[in-house]
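Using my numbering, the first residue of the sequence shown is number 283, and each one after it goes up by one.
Just so you know, even glycine gets a beta-carbon here, dropped at the ideal spot from N, CA and C.
Report on the following structure.
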Amino acid sequence: MLAAACFALSSFHATASPDSVVVFNEIQYNPAGTSENGEWIELFNQMGIRVDISGWRFDGIAYTFPPNTIVQPGAFIVVAKTPGAGQFGPFTGSIANSGEQLRLINQSDRMMDEIDFGDNDPWPAAPDNSGVTLAKRLPYTSSGPAEQWTHSAQVGGTPGAENFPTVPDAAGIRFHEISASNVAAGTFFVELVNTSTTSINYSGMVISRGTDVPVQYTLPSGSLAPGGLLLVTEGMLGFRPSNDEKLFLYNAAKSAVIDSRQATNRLRGLSPAHGAEWMYPSSPTPGSANGFAISNAVVISEILYDPPSLPPAPAIPAVYQTQTLSNYNQVWRYNSADENLPANWSTVAHPVAGNWRSGTGPIGVESATLPVPLSTIATPFSASTVTHYFEREFSLSQTELDSADSLELTHQIDDGAVFYLNGVEIHRFNMPAGAVGPETRATAPVNNATLVSATLPTTGLIAGSNRISV
């Protein structure tokens, strides 16, 4: 049955950059293992005053803060997929393991902060399935640039607290050289280096391949002098990463990731002479310093990077603003009496009479917990009834219609539905193709309805009264 339906109209506007008030501070986007239930997002109040974020929401995941949500000055709050004590949530959807654009939107649809992160350079690789988090280096900096972010100092991060309370053991040990992942069998190697000024004991440290089921190698007892190198061969590792897989270097307690690098089909190595950048050595040099054949015969001599004819600053990026046309808590007319309406039933309105009743959405019959709780229990109800009908009207001005760019539909449905706008079909959810009738069943069962969104064209909208039928 229809549990909820919400329509929002998107229009194209230019706005200022995000307001730095409450901002992203730490993100667990791909927890170690196969489950995504450990995902969470931490926010930080950069202001010296209490901030009311009631009604603020995320774009990228589905969560809206409840009434009376106050963030204290300089405080951290966590929104989790599976919330623990003192945390908000749960949110629906998942944060993409390869990176995602997340936005924090206030109750007036103003963007308050934004991050568009990835799992490859220049973004840190370690948060992708190692157990550590994507952590902002300094809480009062902007969230957009990749250089403002690193990985947490400890596995599990610091949800609800400052990001870097401790420095992990053996922090000076780093990957130094990683051979190409497609070299001949038995010739792959990893090399470590001590970048600190003191000897470091590496006994028990772990090199792990970044997969859902970890494969790892534990280093034997030993220590590295400053600048010393440690070669680990494929035979010692017992495995080799595939192209684009990540290698993680853990401390002996496996409570922190010391370093991480992505293995590729090309030899890569650390170059201290070039700002500790990872570059492409001329040839493999296991057990000795990396060599780079960089030619200085031809160099860049002059750059005109901002000629007078160009604007001195980039244009303000455009973002979408939304206007809600029909929300969950509005009145719908519905028919749950197992009536076989004709195929063109959506072309006319049905007043409340006979089998047609009215109720505040969401409408349905459900024993499980829904993201948006039911407001009206559908009557009469029989489990043998295949099709239930719903409809309501919403208004749209000519100005709103002229500025409309797209129509967004968000629903929670169990099991399937066909949507009509002014009598014309605009969307199907979990329904077969072709003509549908009162006995047409969904393509697959839905155990518990979740919030699902779809972006639709504005074709079929008219100025004045519009009718949505389901």
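Euclidean distance between Cα positions of residue i and residue j
i, j, result
"threonine 737", "threonine 692", "9 angstroms"
"valine 361", "proline 372", "7 angstroms"
"valine 497", "asparagine 319", "22 angstroms"
"arginine 639", "proline 355", "49 angstroms"
"glycine 615", "glutamate 707", "Checking the sequence, you will find arginine at residue 615 rather than glycine. Roughly 18 angstroms between the two C-alpha positions."
"arginine 674", "serine 608", "9 angstroms"
"proline 365", "threonine 604", "29 angstroms"
"asparagine 411", "asparagine 402", "13 angstroms"
"leucine 743", "glutamine 544", "49 angstroms"
"serine 618", "phenylalanine 676", "22 angstroms"
"alanine 298", "asparagine 547", "Reliability fails at alanine 298, whose pLDDT of 42 lies under 50, so the model's placement of it is uncertain and the value that follows must be treated cautiously. So the two alpha carbons sit approximately 42 angstroms from each other."
"glutamine 369", "proline 427", "27 angstroms"
"leucine 386", "serine 380", "20 angstroms"
"phenylalanine 358", "glutamate 324", "7 angstroms"
"threonine 722", "glutamate 444", "55 angstroms"
"asparagine 611", "arginine 456", "56 angstroms"
"proline 405", "glutamine 310", "Checking the sequence, you will find tryptophan at residue 405 rather than proline. Distance between the alpha carbons of tryptophan 405 and glutamine 310 is about 14 angstroms."
"phenylalanine 347", "leucine 656", "19 angstroms"
Minimum C-alpha distance to residue i - residue among the options
i, options, result
"valine 654", "Ile695, Ser685 and Met487", "Ile695"
"serine 661", "Ile645, Glu675, Gly504 and Ala650", "Looking at the sequence provided, one finds threonine at residue 661 rather than serine. Selected option, being the one with the closest Cα: Ile645."
"glycine 315", "Gly426, Asn402 and Val414", "Val414"
"aspartate 526", "Asp620, Val581, Ser461 and Ala635", "Ser461"
"phenylalanine 367", "Leu531, Ser640 and Gly442", "The amino acid at residue 367 is misidentified as phenylalanine; the sequence shows alanine. Closest option to alanine 367, Cα to Cα, is Gly442."
"valine 728", "Gly719, Phe711, Pro554 and Ala466", "Phe711"
"valine 753", "Asn730, Asn609 and Asn704", "Any answer about residue 753 is impossible in this case: the structure gives the chain only from 283 up to 752."
"glycine 330", "Tyr422, Ala417, Trp322 and Pro365", "Tyr422"
"threonine 779", "Ala357, Asp341, Glu721 and Trp405", "Since the displayed the chain opens at 283 and closes at 752, residue 779 lies outside it and no answer follows."
"histidine 830", "Ala575, Ser570, Ser657 and Leu549", "Because the chain here runs from 283 to 752, residue 830 falls outside it and cannot be looked at."
"glycine 746", "Ala635, Ala534, Glu682 and Arg385", "Glu682"
"alanine 571", "Pro563, Asn578 and Thr432", "Pro563"
"tyrosine 345", "Trp322, Thr642 and Gly492", "Trp322"
"serine 392", "Trp405, Val495, Gln436 and Val304", "It is arginine, not serine, that sits at residue 392 in the sequence shown. The candidate whose alpha carbon is nearest that of arginine 392 is Val304."
"proline 447", "Ala538, Arg548 and Arg456", "Ala538"
"leucine 519", "Thr500, Tyr532 and Leu531", "Thr500"
Nonlocal neighbours in the same chain, by C-beta distance under 7 angstroms from residue i, ignoring five residues either side
i, result
"valine 647", "Met283, Ile659, Ala660 and Phe663"
"asparagine 350", "Ser336"
"glycine 504", "Tyr484 and Ser485"
"alanine 407", "Asp401, Lys528, Ser542, Arg543 and Gln544"
"alanine 724", "Asp697, Gly698, Asn712 and Met713"
Contacting residues, own chain, Cβ-Cβ under 6 angstroms from residue i (five flanking each side not counted)
i, result
"glutamate 388", "First, the amino acid is wrong: residue 388 is asparagine here, not glutamate. Excluding positions up to five away in sequence, the list reads Trp338 and Met394."
"valine 752", "Leu284, Phe672, Ala699 and Phe701"
"glycine 510", "Asn476"
"valine 472", "Ile460 and Val514"
"proline 313", "Gly320"
"threonine 669", "Pro720"
As assigned by DSSP and simplified to three states, the class of residue i
i, result
"serine 302", "coil"
"serine 293", "In this predicted model, serine 293 has a pLDDT of only 44, less than 50, meaning its place in the structure is not dependable enough to derive any value."
"alanine 579", "coil"
"aspartate 687", "strand"
"alanine 571", "coil"
"alanine 428", "helix"
"leucine 738", "strand"
"alanine 285", "Legend: pLDDT at alanine 285 = 46, less than 50; position of this residue unreliable, value from coordinates given subsequently. In this structure, alanine 285 counts as strand in the three-state DSSP scheme."
"arginine 749", "strand"
Proximal residues to residue i (C-beta, below 8 angstroms), its chain only, five neighbours per side dropped
i, result
"valine 734", "Thr692, His693, Gln694, Ile695 and Phe711"
Those runs of the beta strand (DSSP E) which lie wholly inside the region 597-679 and span at least 3 residues: Inside the region 597-679, DSSP marks whole beta strand (DSSP E) runs of 3 or more residues at positions 600-608, 613-617, 639-642 and 671-678, from first to last along the chain.
Enumerated in chain order, which unbroken segments of the beta strand (DSSP E) with a length of 3 residues or greater are wholly contained in the region 362-409? For the region 362-409, whole beta strand (DSSP E) runs of length 3 or above, ordered along the chain, are 383-387 and 393-398.
3-residue-minimum beta strand (DSSP E) runs that sit fully inside the region 704-729, ordered along the chain: Here the runs fully enclosed are 706-711.
Please list the segments of the beta strand (DSSP E) lying wholly inside the region 535-563, counting only runs of 3 or more residues, in order along the chain. Within the region 535-563, complete beta strand (DSSP E) segments of at least 3 residues are found at 539-544, 550-553 and 559-561, given in chain order.
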